[in-house]
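Student: Here it is: the structure, laid out below.
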Amino acid sequence: MCGIVGYTGHREAYPIIITGLKRLEYRGYDSTGVALLNNGLKVYKKKGRVADLEENIIGKDLHAHIGIGHTRWATHGEPSDRNAHPHQSASGKLAMIHNGIIENYAQIKKELENKGYHFTSDTDSEVLLNFIEDIQQNNECDLEEAVRVALKRVTGAYCILLIAEEDPNTIIAARKGSPLVIGVGKGEHFLGSDASPMLEYTKEVVYVNDYELAIVRPDELILKNLGNEKITPFITKLDMELAAIEKGGYEHFMLKEIFEQPSTIQDCLRGRLNAAAGTITMAGVENNIEQLKNANRIMIVACGTSWHAGLIAEYVIEELCRIPVEVEYASEFRYRNPIVNKGDVIIAISQSGETADTLVALERAKANGAFIFGVVNAVGSSIARLSHAGAYTHSGPEIGVASTKAFTGQLAVLNMMALKIAKAKGTITDEYYQQLLNELQDVPEKVASILKNTDELQRIAAKYKDAHDFLFLGRGYNFPIALEGALKLKEISYIHAEGYPAAEMKHGPIALVDENLPVVFVATKDSYHEKIVSNMQEIKARKGKVISIITEGDLVSPTISDDVFSIPPADELIAPLLSVIPLQLLSYYVGTLKGIDVDKPRNLAKSVTVE
Ligand code: M6R
6 MCGIVGYTGH
16 REAYPIIITG
26 LKRLEYRGYD
36 STGVALLNNG
46 LKVYKKKGRV
56 ADLEENIIGK
66 DLHAHIGIGH
76 TRWATHGEPS
86 DRNAHPHQSA
96 SGKLAMIHNG
106 IIENYAQIKK
116 ELENKGYHFT
126 SDTDSEVLLN
136 FIEDIQQNNE
146 CDLEEAVRVA
156 LKRVTGAYCI
166 LLIAEEDPNT
176 IIAARKGSPL
186 VIGVGKGEHF
196 LGSDASPMLE
206 YTKEVVYVND
216 YELAIVRPDE
226 LILKNLGNEK
236 ITPFITKLDM
246 ELAAIEKGGY
256 EHFMLKEIFE
266 QPSTIQDCLR
276 GRLNAAAGTI
286 TMAGVENNIE
296 QLKNANRIMI
306 VACGTSWHAG
316 LIAEYVIEEL
326 CRIPVEVEYA
336 SEFRYRNPIV
346 NKGDVIIAIS
356 QSGETADTLV
366 ALERAKANGA
376 FIFGVVNAVG
386 SSIARLSHAG
396 AYTHSGPEIG
406 VASTKAFTGQ
416 LAVLNMMALK
426 IAKAKGTITD
436 EYYQQLLNEL
446 QDVPEKVASI
456 LKNTDELQRI
466 AAKYKDAHDF
476 LFLGRGYNFP
486 IALEGALKLK
496 EISYIHAEGY
506 PAAEMKHGPI
516 ALVDENLPVV
526 FVATKDSYHE
536 KIVSNMQEIK
546 ARKGKVISII
556 TEGDLVSPTI
566 SDDVFSIPPA
576 DELIAPLLSV
586 IPLQLLSYYV
596 GTLKGIDVDK
606 PRNLAKSVTV
616 E
C-alpha cells in the first residue's frame with residue numbers, strides 16, 4: 006500500500022514526481038524518496054512525509070528527465086531513512102521502488118548473503134533488487150530479462166519500478182497484486198499507483214495487469230508477459246478532472262468528502278433511478294438478472310467500512326429479495342476454505358478496488374467457479390476488472406483515509422440492486438417498491454439538510470472529545486451504522502470505541518458504563534424504536550452519557566438523552582444513508598479538536614494492498 010510514481014520524457018521529472026507523491030500520500034506516509042537519472046543516479050530519501058523530503062533536499066541537484074518516487078507504508082522494517090525507497094543495488098547502478106510484499110524474501114536474502122551480499126535496509130524490496138542485479142550479472146543478460154527471471158522466482162505481491170544507469174531513458178515496471186497505471190503522453194510516459202499523478206498531463210492510460218512487465222521510454226511503451234510475449238496495451242480514457250483530487254477550499258479532504266455526499270449520491274443515482282417512471286437501470290444487474298434472482302445464496306466479501314456496507318446489504322437483500330446472505334471479512338474468507346457452490350453469487354464491495362484481502366479472496370472464489378459482482382468506486386481498479394459484472398458507485402476519488410462518501414455510494418448501489426432483484430423476483434409489493442424509489446430519490450436533499458446543521462455536532466464533539474472510550478449502539482439496519490461510527494472515531498481520533506447491537510449490550514459491554522462513558526445511540530424511528538429507547542433507559546440508569554441520533558419529531562428520546570441530533574425521517578431501509586452522516590461529522594470534529602491529521606491518521610493507509 007505504498008504509492009509509486011515514475012516519469013520519463015521531455016519535462017523535468019522531479020516536480021512531476023513530487024506532486025504525484027503528494028497525491029498518493031493517502032497510500033502511506035512513513036517515508037518518501039526519489040531517484041533521478043542524470044549523469045548517474047541520484048537518490049534522495051527521508052523518513053516522514055513528502056514535505057519532509059522536500060525540505061531536506063533544498064539546494065540539491067534535481068535536474069533530470071527520468072525518475073521514480075515512492076511514499077511508504079512500512080511492512081518490513083520500521084519507518085526510517087534507511088528503510089525508505091528507492092533502494093540502490095549493491096553496484097549502485099540500479100534504483101528500485103516497490104509496493105507489496107515479497108513473501109519468500111528471507112530465503113532469497115540468505116542465498117545472496119551466502120554469495121557475499123550485504124544489505125543496508127531491513128526491507129524485502131532491497132532483497133528483490135539485489136536478486137535482480139545478481140541474475141543480470143550471472144546470466145549476462147539485459148535488465149529486462151533479469152527482472153523476468155527474478156519475478157518468476159518470487160512469491161507475494163509487487164509493483165516495481167526500476168531505473169538503471171546503463172539505460173538512462175527507460176523505466177522497467179511490473180506488477181502482481183499491486184496497482185500500476187501508465188499514462189501515455191506525447192514523447193513522455195507517466196507511471197503511478199493510480200492515475201492522480203498524471204491527471205493534468207494526459208487522459209490516456211493503460212492499466213497494467215498482473216504478471217505483466219512494461220518497458221517504458223519517452224516514445225515507447227512495450228508491454229510483455231513474464232514469458233516475454235508482447236501484449237498490445239489497451240488504452241482507456243480517464244474520466245476524471247484535477248479538481249476532483251484537490252481540497253477545493255476545505256481544510257481536509259475528509260470534510261470535503263463528507264460535504265460532497267449530496268452530489269456523490271446524486272451521481273450514483275443519476276441515469277439509474279427514475280422514480281417517476283418507477284424504474285432502475287443497472288446494466289450489470291439486468292444482464293445477469295437470472296443468475297442474481299435465482300442465487301441460492303449471496304456472499305458479500307469486503308473489509309472495513311465496505312464490510313459495514315455489506316452488513317446493511319445483508320439485511321436489505323434478505324428483507325426484499327428473500328435470498329440468504331452471508332457477509333464475510335475478506336481476510337477470513339480467503340483462508341478458511343469456504344464452501345462456494347454453483348448458484349452462489351459473490352458481491353465484492355471495495356472503494357479502492359485494490360484491497361489485497363478482498364482481491365485475493367475473489368480470485369480464489371472465481372477460480373472455484375463463483376460469479377462475482379463488484380460494487381467498486383475506483384474505475385478500472387483490479388477488483389472492477391476481475392468481476393464478471395458490477396456497478397460503480399461513482400463517488401469520485403476518495404482521498405481522506407476515513408471512508409465517507411464511498412460508503413454512502415455503496416449503500417445507494419446496493420439498495421438499487423436489491424430493489425431491482427426483488428422486483429424481478431416478485432418479492433416486493435408494487436407500493437413498497439415505489440415508496441423506496443421515491444425515498445432513495447430524496448436522499449441527496451435530506452443529506453444536504455443534515456449538512457446545514459453542523460454546529461450542534463461541533464458542540465457535542467467538544468463536550469466529549471476527552472473521553473477515553475465510546476460505545477456506539479444501534480439495532481437492525483442501524484446496527485452496522487453503530488459499527489461504522491465506532492470505526493470512524495477510532496481511526497481519526499484514536500479514542501477507543503466499540504460498536505454493538507443495542508440489545509447485545511446487556512450481555513457484557515454494559516459493565517463498562519459509568520458516568521464517564523459516552524454512549525451514542527443510532528435510534529432513528531424504525532420498527533425497533535421502542536426497544537432501543539428501553540436500551541437508552543438502561544444506560545441512563547447506570548449514569549452513562551446518552552448521545553442520540555434520532556428522527557425529527559421524536560419527542561421521547563430527547564427526554565432520556567444528554568445530547569441529541571435529529572435527522573429527517575426515512576424508511577428504515579433508507580435511514581442508514583442519513584444516520585451515518587452525523588457520525589462521520591462527529592468523528593471528524595473530535596479528531597480535528599484533538600489536533601489529529603484526520604486525512605492521514607497514524608499507522609493507516611487508504612488502500613490496503615498488503616495482507
Ligand atoms: O478500498 P476498500 O473499500 O476495499 O477498503 C476497505 C477498508 O480498508 C476501508 O474501508 C477502511 O476500513 C477505511 N479506512 C475505513 O474508513
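Per this note's numbering, the sequence shown starts with residue 6, numbered consecutively. Ideal placement from N, C-alpha and C gives every residue a C-beta, glycine not left out.
Determine, using beta carbons only, whether Tyr-163 and Gly-105 come nearer to each other than 8 angstroms.
Tutor: It is a contact, given that the beta carbons lie within the stated cut-off.
Student: Should Leu-218 and Leu-231 be called a contact, given that it needs their Cβ atoms to be closer than 8 angstroms?
Tutor: For Leu-218 and Leu-231, yes; Cβs fall inside 8 angstroms.
Student: Bridge partners for Gln-542 per DSSP, in chain order?
Tutor: For Gln-542, which the question treats as bridged, DSSP gives no partner whatsoever.
Student: Can you tell me which residues form a DSSP beta bridge with Arg-302?
Tutor: Looking at the DSSP assignment, Arg-302 forms a beta bridge with Asp-349.
Student: Does the beta-carbon of Asp-474 have 16 or more other beta-carbons within 10 angstroms, so that it is buried, or is it exposed?
Tutor: Exposed.
Student: Answer with buried or exposed for Leu-476, where buried requires no fewer than 16 other C-beta atoms within 10 angstroms of its C-beta.
Tutor: Flag for Leu-476 reads buried.
Student: In or out: Gln-142 buried (at least 16 other Cβ within 10 Å) or exposed?
Tutor: Counting Cβ neighbours within 10 Å, Gln-142 comes out exposed, since fewer than 16 surround it.
Student: Extract the residue ranges of the alpha helix (DSSP H) inside the region 25-69, only unbroken runs of 4 or more that lie entirely within it.
Tutor: Here the runs fully enclosed are 55-61.
Student: In the DSSP assignment, find the alpha helix (DSSP H) that holds Asp-129 and state where it starts and stops.
Tutor: Note, Asp-129: alpha helix (DSSP H), 129-144.
Student: Note down, in chain order, each residue of its chain lying with its Cβ closer than 7 angstroms to the Cβ of Leu-156, except the 5 sequence neighbours on either side.
Tutor: These residues qualify, in order along the chain: Ala-179 and Leu-231.
Student: Tell me the DSSP secondary structure of His-75 in three-state form.
Tutor: Note: His-75 maps to strand in three-state DSSP.
Student: Could you say if the region 300-318 and the region 345-357 meet the contact criterion of at least three C-beta pairs nearer than 8 angstroms?
Tutor: In short, these stretches touch, since the Cβ pair count reaches three.
Student: Is the beta carbon of Ile-220 less than 8 angstroms from the beta carbon of Ile-177?
Tutor: Taking 8 angstroms as the Cβ cut-off, Ile-220 and Ile-177 qualify as a contacting pair.
Student: Could you please go through the chain and list the residues whose beta-carbon is closer than 5 angstroms to any non-hydrogen atom of the ligand M6R?
Tutor: This selection yields Cys-308, Gly-309, Thr-310, Ser-311, Ser-355, Gln-356, Ser-357, Thr-360, Ala-407, Ser-408 and Val-613.
Student: How big is the Cα-Cα spacing for Ser-336 and Gly-315?
Tutor: Approximately 15 angstroms between the Cα atoms of the pair.
Student: If Asp-326 and Ala-423 are in contact, beta carbons under 8 angstroms, what's the gap, nearest whole angstrom?
Tutor: Sequence inspection shows Cys at residue 326; the Asp mentioned does not correspond to that position. Confirmed, about 6 angstroms.
Student: I'd like the span of the alpha helix (DSSP H) that includes Thr-4, first residue to last.
Tutor: The question about residue 4 has no answer here: the residues shown for the chain are numbered 6 through 616.
Student: For the beta strand (DSSP E) containing Ser-400, list its first residue and its last residue.
Tutor: Looking at the DSSP string, Ser-400 is not in any beta strand (DSSP E), and its letter there is neither H nor E.
Student: If you follow the beta strand (DSSP E) that Asn-104 is part of, which residue opens it and which one closes it?
Tutor: Its beta strand (DSSP E) spans residues 99-107.
Student: Quick one: is Ser-2 buried, meaning 16 or more other Cβ sit within 10 Å of its Cβ, or exposed?
Tutor: Because the chain spans 6 through 616 in this model, residue 2 falls outside it and cannot be assessed.
Student: Straight-line CA distance for Leu-445 to Pro-402?
Tutor: Using only the alpha carbons, I get a separation of about 23 angstroms.
Student: Should the region 106-118 be regarded as contacting the region 43-56, the criterion being three or more beta carbon pairs within less than 8 angstroms?
Tutor: Result no; under three Cβ-Cβ pairs closer than 8 angstroms.
Student: Report the three-state DSSP secondary structure of Lys-235 (helix, strand or coil).
Tutor: Three-state result, Lys-235: strand.
Student: Can you grab the Cα-Cα spacing for the pair Leu-661 / Tyr-499, in whole Å?
Tutor: Residue coverage of the chain in this structure runs from 6 to 616, which leaves residue 661 outside it and unanswerable.
Student: Check whether the region 26-44 touches the region 124-132, taking contact to mean three or more Cβ pairs, one atom from each stretch, closer than 8 angstroms.
Tutor: Because the criterion of three Cβ pairs below 8 angstroms is not met, the region 26-44 and the region 124-132 do not touch.
Student: Please state whether DSSP places Pro-563 in a helix, a strand or coil.
Tutor: Helix at Pro-563.
Student: Between Tyr-122 and Ala-95, is the Cβ-Cβ spacing less than 8 angstroms?
Tutor: Yes, they are a contact pair.
Student: Could you tell me which residues DSSP pairs with Lys-242 in its beta bridges?
Tutor: DSSP output for Lys-242 lists Glu-209 as bridge partner(s).
Student: Is it the case that the region 430-438 contacts the region 318-334, given that we only count it when at least three CB pairs across the two stretches are under 8 angstroms?
Tutor: Contact between the region 318-334 and the region 430-438 is present, because at least three Cβ pairs lie under 8 angstroms.
Student: With distances taken between CB atoms, is the gap from Pro-267 to Val-418 smaller than 8 angstroms?
Tutor: No, these two residues do not count as a Cβ contact at 8 angstroms.
Student: Can you give me the Cβ contacts of Ile-317 inside the same chain, cut-off strictly under 8 angstroms, excluding the 5 residues immediately before and after it?
Tutor: Result list for Ile-317: Leu-416, Leu-419, Tyr-482, Pro-485, Ile-486 and Pro-581, in chain order.
Student: If the criterion is Cβ atoms closer than 8 angstroms, does the pair Ile-137 and Lys-298 meet it?
Tutor: No, they are not a contact pair.
Student: Less than 8 angstroms separating the beta-carbons of Ile-73 and Ala-100?
Tutor: Closer than 8 angstroms, so yes.
Student: Is Leu-260 buried or exposed, if buried means 16 or more other CB atoms sit within 10 Å of its CB?
Tutor: With 16 or more other Cβ atoms within 10 Å, it is buried.
Student: In the structure shown, what three-state DSSP assignment does Ile-187 receive?
Tutor: Strand at Ile-187.
Student: Between Val-525 and Tyr-397, what straight-line distance do the alpha-carbon atoms span, to the nearest angstrom?
Tutor: Each residue's alpha carbon lies about 32 angstroms from the other.
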